[in-house]
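Undergrad: For the sequence shown, the working numbering assigns the number 595 to the initial residue and increments by one for each residue that follows.
Note that beta-carbon positions come from the ideal geometry of N, C-alpha and C, so glycine has one too.
Owing to the predicted nature of the structure, the values given are computational and were not obtained by experimental measurement.
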Amino acid sequence: MSVILLVFPGMGFLAHKNIEEAKIRSPVEKGSAHVFGLILAINPTIGVFGVAPKQDEVSTDTPDNHDGNIDAKDITACSTLYFPVEQEGALFALDDCHALMGDGEIDVTGLKIAPQVKYALS
Numbered sequence: 595m596s597v598i599l600l601v602f603p604g605m606g607f608l609a610h611k612n613i614e615e616a617k618i619r620s621p622v623e624k625g626s627a628h629v630f631g632l633i634l635a636i637n638p639t640i641g642v643f644g645v646a647p648k649q650d651e652v653s654t655d656t657p658d659n660h661d662g663n664i665d666a667k668d669i670t671a672c673s674t675l676y677f678p679v680e681q682e683g684a685l686f687a688l689d690d691c692h693a694l695m696g697d698g699e700i701d702v703t704g705l706k707i708a709p710q711v712k713y714a715l716s
């Protein structure tokens, strides 16, 4: 398993340093990843959860009543979430898995990790 950090020119906390787009990959070893000389303890979260909105199409990037891109660090393993189901079948989706999450994304994309998700819908 590894983590990935995408860096874009002129964006995020590295805006003043990076000259070109970069994709930085680091293996996860003993629950941590090494990025920019830092040892980061991994605590996976999922940034995007949601169901189909009551009306119209809405991007999953848009947080609203259907949820969406909520990037909440407190939603981790064993969390329980409730969604307002407004459409037949709910059309549940999840995406945007973070290796760890602070109080927002200071580098636009955050530190990503491949998800290993088990969930139940009722």
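Do Glu680 and Pro647 have their C-beta atoms within less than 8 Å of each other?
TA: Position 86 of the sequence shown, counted from the first residue, corresponds to residue 680. Position 53 of the sequence shown, counted from the first residue, corresponds to residue 647. Yes, these two residues count as a Cβ contact at 8 Å.
Undergrad: Cβ of Val645 within 8 Å of Cβ of Phe677?
TA: Here residue 645 refers to the residue found at position 51 of the sequence shown. Here residue 677 refers to the residue found at position 83 of the sequence shown. Yes, Cβ-Cβ distance for Val645 and Phe677 is below 8 Å.
Undergrad: Could you check the C-alpha separation between Gly641 and Ser653 for me, to the nearest Å?
TA: Within the sequence shown, the letter at position 47 stands for residue 641. Within the sequence shown, the letter at position 59 stands for residue 653. Near 14 Å, if we compare the C-alpha coordinates of Ser653 and Gly641.
Undergrad: Using only CA atoms, which one of Ile613, Ala671 and Ala693 lies nearest to Ala714?
TA: Position 120 of the sequence shown, counting from 1, holds the residue named residue 714. Nearest option by C-alpha distance: Ala671.
Undergrad: Is it true that the stretch 704-712 meets the stretch 687-694, where meeting means three or more beta-carbon pairs spaced less than 8 Å apart?
TA: Output reads yes: the stretch 687-694 touches the stretch 704-712.
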